[in-house]
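Trainee:
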Amino acid sequence: MRWHQTQLRLKPRARGFHLVTNEIVTALPELREFKHGVAHLFIQHTSASLSINENADPDVRADMERWFNHAVPENARYFEHTAEGPDDMPAHVKATLVGAAVTIPIRDGRFALGTWQGVYLGEHRDAGGARHIVATLWGE
Amino acid sequence: MRWHQTQLRLKPRARGFHLVTNEIVTALPELREFKHGVAHLFIQHTSASLSINENADPDVRADMERWFNHAVPENARYFEHTAEGPDDMPAHVKATLVGAAVTIPIRDGRFALGTWQGVYLGEHRDAGGARHIVATLWGE
Amino acid sequence: MRWHQTQLRLKPRARGFHLVTNEIVTALPELREFKHGVAHLFIQHTSASLSINENADPDVRADMERWFNHAVPENARYFEHTAEGPDDMPAHVKATLVGAAVTIPIRDGRFALGTWQGVYLGEHRDAGGARHIVATLWGE
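Protein chains in written order, with this note's numbering: chain A, 1 to 140; chain B, 1001 to 1140; chain C, 2001 to 2140.
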């Protein structure tokens, strides 16, 4: 049984969905030591998210952001948690809808993603700053 | 390799989002035996959910509930599964949107949550009763 | 520590939510070798999803599909990623809302699901074809 746990720091990004697969894989050279296993990526924030989606056309990420902005509007009349800015409460809702963690199978030293899959960071604040991830790998 | 699996019972709660971190940690003293690892919390119901969100201002939980009630309205004209009450089908949709499980890294005998993170129980029924969770911890 | 990783193929299905618990359990006879553990099911696609919801009344799955179609409409004016058909971008959004993976506790050689829980495949394309899942089991 092999085990690896570390903290990663994702550089600050603009609000929206961002493809971060390469940044994460580069920070996890230990991946190569696992013949099979699972990777758990956990973002330690409540206004950003991690998910798996298309790694090709950037329009998908822009449309994703537009859908979420439409579905979780700023300044909805029923929001009362407004002291931290109009983007704050929608960011919390988006974080719950998308999720704080992804789990990815590892096979032959790599993420066993489908051809079109990548890891998305959802930055849901206008100025969220750097984001911290706890990465845990286990397997054989 | 250390391993622990147990069933927890969360006391009945009103419809809405509830911070349950302390109740769960108190029921898992075995957490302290893990230097690093992962905790998996799985709710055995289809009308309640688990998620990670802000542990501070209760307004966030109230706004979260208001957003979900707005987005998944009772008595939507297209719902046909109505025999179990108007809150039932929206509860199933909310359970799928939020999720039945959370996975949390363990570090130095504690959940490695961010400063502002806690575990939310989403109680999506008007009278859901007690809720059962299977907690599994693994690591070293 | 016991470990099993394999790839499953789900047969093509119509757009909508489908109960696939039996199909998955049948393809994983190794489940019976685990006294306790966790199963990770990961779908290698960005326009289909996995989730846990009610295993009984088929109306729940039909209502789930209707809610998602209402919430993530085809031909929304703000979608720009339209070259792959009107069902494509909504499928990506639904895949992120529902998720690419489920994790399920294993107890006494079976999924430790609640009485009313089953595994849903969300097929979000009109003609998605066969879908591939990486299943990973670990435990004792």
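The beta-carbon is built from N, C-alpha and C at its ideal position, and this holds for glycine as well.
Note that the structure is a prediction, hence the values are computed from the model and not measured.
Is the Cβ-Cβ distance between C/VAL2060 and B/HIS1045 less than 8 Å?
Mentor: Result no, Cβ atoms of C/VAL2060 and B/HIS1045 do not sit closer than 8 Å.
Trainee: For the region 82-94 of chain A, which residues have a beta carbon sitting closer than 7 Å to at least one beta carbon of chain B?
Mentor: Those residues of the region 82-94 of chain A that come within reach of chain B (Cβ to Cβ, closer than 7 Å) are MET89, HIS92, VAL93.
Trainee: Under a three-way DSSP split, which group does A/ASN22 fall into?
Mentor: Here A/ASN22 sits in helix by DSSP.
Trainee: Candidates C/GLU2054, C/LEU2010, C/LYS2094: which alpha carbon is nearest A/PHE68's?
Mentor: The shortest C-alpha separation from A/PHE68 is found at C/LYS2094.
Trainee: Taking the alpha helix (DSSP H) that A/LEU8 falls in, what are its first and last residues?
Mentor: Per DSSP, A/LEU8 belongs to no alpha helix (DSSP H); it is in the beta strand (DSSP E), 2-10.
Trainee: By the DSSP assignment, the alpha helix (DSSP H) with C/HIS2070 in it spans what residues?
Mentor: C/HIS2070 -> alpha helix (DSSP H) spans 2058-2071.
Trainee: In whole angstroms, give me the CA-to-CA distance for A/GLY77 and B/ARG1066.
Mentor: In the sequence under discussion, the amino acid at residue 77 of chain A is Arg, which differs from the Gly named in the question. If I take the Cα positions, the gap works out to 10 Å.
Trainee: Go to B/ALA1076, then tell me how far its beta strand (DSSP E) extends in each direction, as first and last residue.
Mentor: Careful: B/ALA1076 lies outside any beta strand (DSSP E) and carries neither H nor E.
Trainee: For C/PRO2105, does the count of other Cβ atoms within 10 angstroms reach 16, so buried, or fall short, so exposed?
Mentor: Buried: at least 16 other Cβ atoms inside 10 Å.
Trainee: In this structure, what does DSSP give as the bridge partners for A/PRO90?
Mentor: Beta-bridge pairing links A/PRO90 to no other residue.
Trainee: Counting beta carbon pairs with one atom in the region 18-35 of chain A and one in the region 1117-1132 of chain B, are three or more of them shorter than 8 Å?
Mentor: The region 1117-1132 of chain B, when compared against the region 18-35 of chain A, does not touch it at the 8 Å Cβ threshold.
Trainee: Please classify A/ASN53 as buried or exposed, where buried requires at least 16 other C-beta atoms within 10 Å of its C-beta.
Mentor: It counts as buried.
Trainee: Please classify C/GLU2030: does DSSP put it in a helix, a strand, or coil?
Mentor: Helix at C/GLU2030.
Trainee: Just the chain B side, please: which residues come within less than 7 Å of C/VAL2098 by C-beta, in chain order?
Mentor: Those are THR1096, listed as they occur along chain B.
Trainee: Note down the Cα distance separating C/ALA2135 from C/HIS2040, rounded to an integer number of angstroms.
Mentor: Each residue's alpha carbon lies about 6 Å from the other.
Trainee: Measuring CA to CA, which of C/GLU2033, C/LEU2008, C/ARG2015 is closest to C/ILE2043?
Mentor: Considering only alpha carbons, the answer is C/LEU2008.
Trainee: What in chain A is Cβ-close to B/GLN1117, meaning under 7 Å?
Mentor: Within chain A, the residues near B/GLN1117 are GLN44, THR46.
Trainee: By the criterion of Cβ-Cβ separation under 8 Å, what are the contact partners of A/HIS132 in chain B?
Mentor: Correct list: GLY1114.
Trainee: To which residues does DSSP link C/SER2051 through a beta bridge?
Mentor: In the DSSP output, where bridge partners are listed per residue, C/SER2051 has C/TYR2120.
Trainee: Compare the C-beta of B/PHE1079 against all C-beta atoms of chain C and say whether one is closer than 8 Å.
Mentor: Cβ-Cβ to chain C under 8 Å: yes for B/PHE1079.
Trainee: Counting contacts by CB-CB distance shorter than 8 Å, is A/THR136 in contact with chain C?
Mentor: Not an interface residue.
Trainee: Spell out whether any CB of chain A is found under 8 Å from the CB atom of C/ALA2039.
Mentor: C/ALA2039 does not count as touching chain A.
Trainee: Closer than 8 Å by beta-carbon distance: list the chain A residues that pair up with C/ALA2071, in chain order.
Mentor: By Cβ distance, chain A contributes ALA71.
Trainee: What did DSSP end up calling A/THR46 once you bin it into helix, strand or coil?
Mentor: Here A/THR46 sits in coil by DSSP.
Trainee: Cα separation between C/THR2082 and A/MET64?
Mentor: Distance between the alpha carbons of C/THR2082 and A/MET64 is about 13 Å.
Trainee: Below 7 Å CB to CB, which residues in the same chain sit around C/GLU1976 once its five sequence neighbours on both sides are set aside?
Mentor: This structure cannot speak to residue 1976 of chain C, because chain C is shown only from 2001 to 2140.
Trainee: Determine the DSSP secondary structure at C/LEU2097, reduced to helix, strand or coil.
Mentor: Correct three-state label for C/LEU2097: helix.
Trainee: A/ARG125 by DSSP, collapsed to three states: which one?
Mentor: It is coil, neither helix nor strand.
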